[in-house]
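Residues are numbered in the numbering used here as their position in the sequence shown, beginning at 1, plus a constant of 107. Contents: one structure, followed by commentary.
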Amino acid sequence: MTARDFDGANVLVTGGVGFIGSALAIRLVELGARVTLLDAMIPDYGGNLFNIEPIRDRVTLNISDIRDRHGMNYIVRGKDYVFHLAAQVSHLRSMVVDPFDDIDINIKGSAILLEACKAHNRSVIIVRAGTRGQYGPAARLPVSEDAPTNPKGIYEISQLTAERMMQVYHEQFGIRSVNLRLTNVYGPRAQMRHSQYGVANWFVRLAIDAQTIEIFGDGSIKRDFLYVDDCVDALVECARCPAAHGQVFNVGSGTPTTFQEFAETLIAIAGTGRWEYAPFSPERAAQEPGDFYGDISRIANVVGWQPRTSVENGIRPTVDYYRKWKAHYW
108 MTARDFDGAN VLVTGGVGFI GSALAIRLVE LGARVTLLDA MIPDYGGNLF NIEPIRDRVT
168 LNISDIRDRH GMNYIVRGKD YVFHLAAQVS HLRSMVVDPF DDIDINIKGS AILLEACKAH
228 NRSVIIVRAG TRGQYGPAAR LPVSEDAPTN PKGIYEISQL TAERMMQVYH EQFGIRSVNL
288 RLTNVYGPRA QMRHSQYGVA NWFVRLAIDA QTIEIFGDGS IKRDFLYVDD CVDALVECAR
348 CPAAHGQVFN VGSGTPTTFQ EFAETLIAIA GTGRWEYAPF SPERAAQEPG DFYGDISRIA
408 NVVGWQPRTS VENGIRPTVD YYRKWKAHYW
């Protein structure tokens, strides 16, 4: 990747003050892009103005909602790229509290974005972040993009629906898009006030606070933990690769790690915290898909992207970041 790929480009990041969005925004600014961040700043969703402190005076911040049709019709104009990260992403909230935000934000919001691009900017390139949860329980491991999709919750269904809408607008209206199915992303700038978004980041908080990390079941369930910088690399690389347009890609570390292994590594690096086994709650048991790690050969072959950060090398800067800036996240 070279700076000139984005140098002077007009870029919109929805969910731009959140975890992945803010990390992406910092990278895009470094690459010379003119960046607009759109975020509704819905309480508890992860939007945090401190996330963009290093680039505050080099981005345009629009506190708005992707469900605002008139606003989206205006904001997409003249953009070369849209990174679509705005979403409701709590598995438990969607099934236990309120499923309508998933439908309203993830499906309706994506439709409004697509319609705005259809009316005002068909030349744009959209890169959208989905979830590995769209597969549901793995039929076989590692999971390839051609595996059956059998999601177990409304959140995952809404993400799969948004992905397929992107594909329809790509095929029918020529609005180029790339859909990424992200695994468990962790790292600096995540929401850390509650445990509903991102189990790995919540483990980090518990370790830093010298609390007990509860590992459900026997600790042997495997996940594909992806450091946020590697995730950002994938987003940027897919946007700039014409062969990626119209594709669906798994984005993960490619290396399975059990929850127990992650917790033990984290505690060893942090020097604080402890872990213990705990039974699944009924809600978590109902949504637990079992082992998951993705086959990332397609994105490697088409785009040339490969993750670079081991679990150990990702946990260390994550712990350092939150210890330094704890007051802004706890």
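Just so you know, even glycine gets a beta-carbon here, dropped at the ideal spot from N, CA and C.
Proximity of residue i and residue j at Cβ, strictly below 7 angstroms
| i | j | result |
| --- | --- | --- |
| C345 | V231 | no |
| F310 | A370 | yes |
| Y293 | D209 | no |
| V443 | L144 | Missing from the structure shown is residue 443; the chain here goes from 108 to 437 and no further. |
| F190 | L287 | no |
| P389 | D337 | no |
| I282 | C224 | yes |
| V339 | L131 | yes |
| V275 | A351 | no |
| N117 | D187 | yes |
| A226 | N213 | no |
| Q303 | S197 | yes |
Sequence-distant residues of the same chain with beta carbon closer than 6 angstroms to residue i, five excluded per side
| i | result |
| --- | --- |
| L172 | Looking at the sequence provided, one finds Asp at residue 172 rather than Leu. Answer for D172: A147, listed in chain order. |
| M108 | Confidence in M108 is poor, its pLDDT being 42 and thus under 50, which makes the residue's placement unreliable; the coordinate value appears in the next sentence. Closer than 6 angstroms at Cβ, skipping near neighbours: no residue. |
| S327 | T365 |
| S129 | N158, I159, R296 |
| G178 | S171 |
| T362 | none |
| D427 | none |
For residue j and residue i, believed in contact at Cβ under 8 angstroms, the rounded distance
| i | j | result |
| --- | --- | --- |
| T425 | S360 | Contact doesn't hold; Cβ gap of about 14 angstroms is too wide. |
| G125 | G153 | 4 angstroms |
| S284 | M273 | 4 angstroms |
| D402 | K329 | That pair is no contact at about 14 angstroms. |
| W382 | I320 | 4 angstroms |
| G237 | E270 | 5 angstroms |
| F387 | G324 | 6 angstroms |
| K259 | P396 | 6 angstroms |
| Q367 | I322 | 6 angstroms |
| D205 | H301 | Not a contact, Cβ separation roughly 15 angstroms. |
Residue i, enclosing alpha helix (DSSP H) - first and last residue
| i | result |
| --- | --- |
| W309 | 306 to 315 |
| H177 | 176 to 182 |
| T372 | 366 to 377 |
| V339 | 335 to 346 |
N- and C-terminal bounds of the beta strand (DSSP E) containing residue i
| i | result |
| --- | --- |
| I219 | Element bounds for I219: not the beta strand (DSSP E) but the alpha helix (DSSP H), 216 to 227. |
| I232 | 232 to 238 |
| I320 | 319 to 323 |
| F190 | 188 to 191 |
| T357 | Correcting the residue identity first, residue 357 is Asn in this sequence and not Thr. N357 -> beta strand (DSSP E) spans 355 to 358. |
Own chain, CB closer than 7 angstroms to residue i, minus 5 neighbours either side, in chain order
| i | result |
| --- | --- |
| G139 | A110, F113, D114, G115 |
| A317 | T379, G380 |
| V418 | F332, T364, F369, T372 |
| W412 | D340, A341, E344, I406 |
| I133 | P161, I162 |
| F280 | K225, R229 |
| L135 | F113, V118, V142 |
| N308 | Y293, A297, M299 |
| D211 | R174 |
| E252 | V355, F356, N357, R405 |
| K215 | R174 |
| L248 | D398, Y400 |
Residues near residue i by beta carbon distance below 8 angstroms, same chain, minus five either side
| i | result |
| --- | --- |
| V250 | R239, Y242, N357, F399, Y400, G401, D402 |
| N155 | V124, G125, S129, R296, Q298, H435, Y436 |
| I219 | I173, R174, D175, R176, M179 |
| I374 | A314, I320, G380, R381, W382 |
| V183 | L119, V189, L220, A223, C224, H227, N228, V231 |
| Y429 | P295, M299, V311, R312, I315, Y436 |
| L267 | G237, Q241, T256, P258 |
| P244 | N257, K259, P396, G397 |
| A246 | A254, P255 |
| I376 | E419, I422, R423, V426 |
| G185 | N117, N228 |
Contact with chain B by residue i, beta-carbon distance below 7 angstroms
| i | result |
| --- | --- |
| N228 | Given the protein chain composition of this structure (a single chain), no chain B is represented. |
Q: Return the chain-ordered ranges of every beta strand (DSSP E) run that is complete within the segment 121 to 168 and spans a minimum of 3 residues.
A: 141 to 146
Q) Which ranges would you report for the alpha helix (DSSP H) in the segment 251 to 292 if only whole runs of at least 4 residues count? A) 261 to 280
Q: Would you mind listing the alpha helix (DSSP H) stretches within the segment 380 to 419 that are 4+ residues and don't spill past its ends, in chain order?
A: 389 to 394, 404 to 409
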